[in-house]
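Input: a single structure, listed below in C-alpha cells.
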C-alpha cells in the first residue's frame, strides 16, 4: 500500500514537471518565427508540445509521431502517453508501452517510471509483444534515418 501511495505522489510530481516543461517550451513564439517544415523533427516536437498544451490532441499526436519516427525519445515518450490516455489516438496501453519502451531504451528515464506504472495493465505476453513491436519501430526508424526511406 505504501508503494502505491508513493507512486501516486511521484506521478503527480512527474505530471507537474511535464506541465512546467510544456509551459516553457510552448511560450508565445517570436512574431518573426515561422512554423516548422514537416522535415524538421525538432520543430515538429515543439509543435506537438504546443498542441498538447492547447489540448488539440489529434494534431499533437500527428506532430509527435513525426518527431518520434525521427528517433526523438522525448516525442516517443509523449506519443506513448497519448496512446495510454487515448488522447488524439485510439486508447491503447499496448501501443503506449511500445513507444515508452522505445523511449526508455534510448535513455528516457521518465519512460521507465511510466512503464512501471502501466505494467500491471497488460499480461506478460502482451507486454513482451509490445516490446517486440518497439523493436520493429526501432528498425523502421533506423532504416528511415540511414537509408532515406520516406515514411509516407
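Numbering (our numbering), first residue to last: 84 to 235.
For glycine and all other residues, C-beta sits at the position ideal for the given N, C-alpha and C.
A contact between stretches requires three or more CB pairs, one per stretch, nearer than 8 Å, and the region 135-149 fails this requirement with the region 201-217. Bounds of any alpha helix (DSSP H) do not take in residue 137, whose DSSP letter is neither H nor E. Taking the Cα of residue 156 as reference, the smallest distance to any Cα among 123, 175, 221 is reached at 221. Each residue's CA atom was taken as its position, placing residue 134 and residue 168 some 15 Å apart. Rounded to whole angstroms, the Cβ separation of residue 164 and residue 124 is 18 Å, and the two are not in contact under 8 Å. Exposure of residue 199 is indicated by the presence of fewer than 16 other C-beta atoms within 10 angstroms of its C-beta.
In this structure, residue 184 places its C-beta atom within 8 Å of the C-beta atom of residue 217.
An exposed status is given to residue 228, since fewer than 16 other beta-carbon atoms sit within 10 Å of its beta-carbon. Short of 6 Å from the beta carbon of residue 159, and not among the five residues preceding or following it, lie these beta carbons of its own chain, in chain order: 151, 182, 185, 186. If you check the CB distance, residue 175 and residue 166 come in under 8 Å.
Straight-line measurement puts the Cα of residue 171 at about 16 Å from the Cα of residue 127. In the structure shown, the three-state DSSP call for residue 191 is coil.
Sequence-distant partners of residue 201 (beyond 5 residues in either direction) whose C-beta falls short of 8 Å from its own C-beta, in its chain, are 167, 176, 179, 180, 183.
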